[in-house]
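Residue numbers (my numbering): 645 to 1456.
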């Protein structure tokens, strides 16, 4: 799958993901390749594991149809914080900023509190139930020598936003046309097609062709750290329900929705695979693939929309990108029985990956009312960009087996990558693994209930490549005025680069076992891992006196990750009327930065890289103590004690994870399914509430009934001489009910009336509940999307939406 996610224009932290381009109906399996096993297969791209997705293939037999139709609701279920204002008794309604701190200082006397949140006002809120629709079909069949899988699907979605009635007049006054996008600013229309063919062209040769095409149109609003989003405008708006003109802080929905944000994707994926078995002991496999994405990012500000800066003159951005990913993978294996007990398998292979990203950006400013084209802009600008990376890897692997129970495998891979510095050459990744099916040994004791027990262990090295251009020194074009006032072209240093840059290297050991018991009703998996990364890729700051980039990537430091992963699958009840399946999967991870390298000081201020602590740990000056010394239920800055030095608060990433899935089937007619997730042992930064307090709108600064610890953190972040965000760095442990579904299996006599072999009806709810002590909007959301790898920071970010869908599946 292509990693060409993102949006090239400012939207805050939100971004589309190209993983959403894959139609779940077309997926046959999802495999997570991790640890030493990934080193031989993927080398320099395998340090963090690889997700391998395989699409469906056909099967010989009569043509079989599967048709599905889905309809649903998209809802905004979240409870947003109220805006507060304290009324001054001495000024009547003329002053509304009688804060607790001001009252404690004698500057005002509070005579009441007003609170309001426009997002909760039915007459003014932009929230309105959206809709979801999906219809698709697939067919599979073929003969012994050729078979096929074909599918087509249309998906549409309108987000839970609608232009409020009071805002229609505002757009009419400004001559802005209320089209479908303005009326419903978040919309998705997507069409996906797939054709997979398999042909046995000769006794020894099989060919497989897999192709997919996607066309997607997405329009959306700004969000996340974005003054063009409606959450900031609502969070920093008025606190009085009788003042509708003051309800919104920066902009009204009419102004926000009038801005057009749009992305169009045309994506083709294709691969051809040949499997050749010329001899019984010899096999070969070759795959060539291409993933091409054509992407258009568009933004438009109508003139006089009320946005700050030049955009208020009218602005259009059109950015076009072509993204190519090429893959060539070839391997061969020879298998022999060396003796009756010993088998041998030798494999060799080579891989080539090429990623190419090209783009053209164009924008125009000062566009007259009623127009929307760059061609009529008074000023126009353009730029180009190209990024390319290549990887070439070769490997050899040898496996020996003893009695089909004990297997020992050794391998080595060599990689070269264009992102490596010019002074760095090949890198080698060795691997050694062992697997022992102990329960099949004649001397293994017979344990009641145990069906199978396998022990496994592995050691290997893998790598993480630098960014495509991180090693390169780049130049920036500059306009220079000479002494005679003539403008000439010049250049300056852009990125410093690093000719010695190499991949981050990881060495990992894994030990574990797999067990099946109770005639298949209980399955256990357990893995312990210990991974050490050297030459860690870290971006360090540079001196401004260099006159170039502010930082550059270097290989310094060592990092250790160790922990446990476990999974339990069991069927506690398996009778004719009732079957209950339940599965647990979880992990505990301990991350530690061992060293940054000689002479390197800790990096960062709040999210810091400090030896002896987790990568990206959260730090701040602590609130040592606070007390309401005068008994007035108000915390002031002189009642706080704040530490002088930064202290570690906790990891910015969950160190404990658990997922529970359960399904109950009744009388082979009704199935209830649920998914619950838990994340724990991490810190989330509630920056939204801290920022609201900065605007003097949070409860903690206005209402004396606010708990003292909430008051203390607000005062500490604003009024104390040693300002600290310590109080807003919160424990974020949570449990979430991700999904519940109810499936009815239609009796055969009913489905046969419409000529169907079988049919199901499924009602599903997603994002149904969260249980947490975190006081912000949601303990998972991150204002910077996937770009922040070391922490969770909520900043004006909308929590997940809730979905209700009803789906019909019919097979013919």
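Don't be surprised by glycine CBs; every beta carbon is placed ideally from N, CA and C.
Going by DSSP, what residue range makes up the beta strand (DSSP E) through residue 775?
By 1-based counting over the chain shown, the position of residue 775 is 131. 774-786 is the span of the beta strand (DSSP E), which, as asked, contains residue 775.
Count the other CB atoms within 10 Å of the CB of residue 1073; is the residue buried (16 or more) or exposed (fewer)?
Within the chain shown, numbered from 1, the residue matching residue 1073 stands at position 429. Counting Cβ neighbours within 10 Å, residue 1073 comes out buried, since at least 16 surround it.
Specify the secondary structure class of residue 648 as computed by DSSP and reduced to three states.
Counted from its first residue, the chain shown places residue 648 at position 4. Low confidence applies here, because residue 648 scores a pLDDT of 45, under 50, leaving its location unreliable; read the following figure in that light. Coil, per DSSP.
Can you list, in chain order, the residues of its chain with a C-beta nearer than 7 Å to that of residue 982? Leave out the 5 residues immediately preceding and following it.
By one-based count along the chain shown, residue 982 stands at place 338. Here the set comprises 988.
Less than 7 Å between C-beta atoms, sequence neighbours within five positions excluded: which residues of the same chain meet that for residue 695?
Taking the first residue of the chain shown as position 1, residue 695 is located at position 51. Result list for residue 695: 674, 676, in chain order.
Suppose only complete runs of 3+ residues qualify. What are the beta strand (DSSP E) ranges in the region 1031-1109, listed by chain order?
Runs of the beta strand (DSSP E) inside the region 1031-1109: 1050-1061, 1071-1081, 1094-1108.
Are the region 1200-1217 and the region 1271-1283 touching, with three or more C-beta to C-beta distances below 8 Å?
The region 1200-1217, when compared against the region 1271-1283, does not touch it at the 8 Å Cβ threshold.
Pick out whichever of 1293, 1255, 1244, 1243 has its Cα sitting closest to the Cα of residue 1264.
Taking the chain shown and counting its residues from 1, one reaches residue 1264 at position 620. Out of 1293, 1255, 1244, 1243, 1293 has the C-alpha closest to the C-alpha of residue 1264.
Distance, Cα to Cα, residue 1181 vs residue 1110?
Within the chain shown, the letter at position 537 stands for residue 1181. Within the chain shown, the letter at position 466 stands for residue 1110. Using only the alpha carbons, I get a separation of about 7 Å.
Would you kindly check if the distance between the Cβ of residue 796 and the Cβ of residue 837 is under 9 Å?
Translated into the one-based positions of the chain shown, residue 837 becomes position 193. Translated into the one-based positions of the chain shown, residue 796 becomes position 152. Yes, these two residues count as a Cβ contact at 9 Å.
DSSP state of residue 655, grouped into three classes?
For the purposes of this step, residue 655 is taken as the residue at position 11 of the chain shown. In the structure shown, residue 655 sits in a strand (DSSP, three-state: E or B).
Among the candidates 1348, 1417, 848, 1245, whose CA atom is the shortest distance from the CA of residue 1276?
Here the question's residue 1276 lines up with position 632 in the chain shown. The option with the nearest alpha carbon to residue 1276 is 1348.
So what's residue 1274 in DSSP terms, helix, strand or just coil?
Against the chain shown, residue 1274 aligns to sequence position 630. Reduced to three states, the DSSP call for residue 1274 is coil.
Thinking just about the alpha-carbon of each residue, which of 1318, 1359, 1324 is nearest to the one in residue 1338?
Residue 1338 sits at position 694 when you count from the first residue of the chain shown. Checked all of 1318, 1359, 1324; the closest Cα to residue 1338 is 1359.
Give a yes or no on whether the C-beta atoms belonging to residue 1326 and residue 1375 are separated by under 9 Å.
For this step, residue 1326 is matched to residue 682 along the chain shown. For this step, residue 1375 is matched to residue 731 along the chain shown. Yes, these two residues count as a Cβ contact at 9 Å.
Please give the ranges of any alpha helix (DSSP H) in the region 1317-1391, keeping only runs that are unbroken, at least 4 residues long and fully inside the region.
Within the region 1317-1391, the complete alpha helix (DSSP H) runs of at least 4 residues are 1331-1338, 1352-1362.
Report the residue from 1212, 1040, 721 whose alpha carbon sits nearest the alpha carbon of residue 1075.
Here the question's residue 1075 lines up with position 431 in the chain shown. When only C-alpha atoms are compared, the closest one is 1040.
Excluding sequence positions up to five away, which residues of its chain have a Cβ less than 6 Å from the Cβ of residue 1036?
One-based indexing of the chain shown puts residue 1036 at position 392. Closer than 6 Å at the Cβ level, and outside the excluded window around residue 1036, lie 996, 1060.
Would the region 865-872 and the region 812-822 be scored as touching if the rule is three or more Cβ pairs under 8 Å?
Contact between the region 865-872 and the region 812-822 is absent, because fewer than three Cβ pairs lie under 8 Å.
Taking DSSP as the reference, what is the three-state secondary structure of residue 980?
Here residue 980 is taken as the residue at index 336 of the chain shown, counted from 1. If DSSP states are grouped into helix, strand and coil, residue 980 belongs with the strands.
So is residue 986 buried or exposed if we call it buried at 16+ other beta carbons inside 10 Å?
Here residue 986 corresponds to residue number 342 of the chain shown, with the count starting at 1. Exposed is the call here.
What residue ranges within the region 868-923 form continuous alpha helix (DSSP H) runs of no fewer than 4 residues, ordered along the chain?
Qualifying alpha helix (DSSP H) stretches, in chain order: 874-879, 897-901.
With DSSP as the reference, identify every bridge partner of residue 1223, one or two as the case may be.
In the chain shown, counting from the first residue as 1, residue 1223 sits at position 579. Partner(s): 1218, 1309.
Just checking my contact of residue 1300 with residue 1247 at CB under 8 Å: how many whole Å lie between their CB atoms?
Residue numbering aside, residue 1300 sits at position 656 when the chain shown is read from its first letter. Residue numbering aside, residue 1247 sits at position 603 when the chain shown is read from its first letter. Not really, about 26 Å apart at Cβ, beyond 8 Å.
Helix, strand or coil for residue 1437? Go by DSSP, reduced to three states.
Here residue 1437 refers to the residue found at position 793 of the chain shown. Residue 1437: strand per DSSP, three-state reduction.
Using a threshold of 9 Å, state whether the C-beta atoms of residue 1161 and residue 1094 are closer than that.
For the purposes of this step, residue 1161 is taken as the residue at position 517 of the chain shown. For the purposes of this step, residue 1094 is taken as the residue at position 450 of the chain shown. Cβ atoms of residue 1161 and residue 1094: closer than 9 Å.
Specify whether the region 821-835 and the region 850-864 touch according to this definition: at least 3 beta carbon pairs, one from each stretch, less than 8 Å apart.
The answer is yes - the region 850-864 touches the region 821-835, with three or more Cβ pairs under 8 Å.
Flag this pair as yes or no: are the beta carbons of residue 1004 and residue 963 separated by less than 9 Å?
Along the chain shown, read from residue 1 onward, the residue named residue 1004 stands at position 360. Along the chain shown, read from residue 1 onward, the residue named residue 963 stands at position 319. Taking 9 Å as the Cβ cut-off, residue 1004 and residue 963 qualify as a contacting pair.
Would you mind giving the Cβ-Cβ distance between residue 1164 and residue 1329, rounded to the nearest angstrom? I have them listed as a contact below 8 Å.
Position 520 of the chain shown holds residue 1164. Position 685 of the chain shown holds residue 1329. About 46 Å separates the two Cβ atoms, so there is no contact after all.
With 16 as the cutoff for other CB atoms within 10 Å, does residue 1047 come out buried or exposed?
Numbered from its first residue, the chain shown carries residue 1047 at position 403. Exposed is the call here.
Between residue 717 and the rest of its own chain, which residues show a CB-CB distance below 6 Å, the 5 nearest in sequence each way excluded?
Within the chain shown, numbered from 1, the residue matching residue 717 stands at position 73. Correct list, in chain order: 773, 1448.
Using DSSP bridges, identify the partner residues of residue 1198.
Start at 1 with the first residue of the chain shown, and residue 1198 comes out as number 554. BP columns for residue 1198 point to 1182.
Do residue 1224 and residue 1350 count as a contact pair if the criterion is CB distance below 9 Å?
For the purposes of this step, residue 1350 is taken as residue 706 along the chain shown, with counting starting at 1. For the purposes of this step, residue 1224 is taken as residue 580 along the chain shown, with counting starting at 1. No; because the gap between Cβ atoms is not below 9 Å, this pair is not in contact.
State whether the region 1197-1212 contacts the region 1165-1184, with contact taken as three or more CB pairs (one from each stretch) at a distance under 8 Å.
As far as the Cβ criterion goes, the region 1197-1212 touches the region 1165-1184, which means the pair count is three or higher.
Starting from the C-beta of residue 1410, find all residues in its chain whose C-beta is less than 6 Å away, skip the five residues before and the five after it, and write them out in chain order.
As a working note, residue 1410 is residue 766 in the chain shown. Answer for residue 1410: 1383, 1447, listed in chain order.
Report yes or no: do three or more beta-carbon pairs, one from the region 1360-1375 and one from the region 1391-1399, lie closer than 8 Å?
They do not touch, by the three-pair rule.
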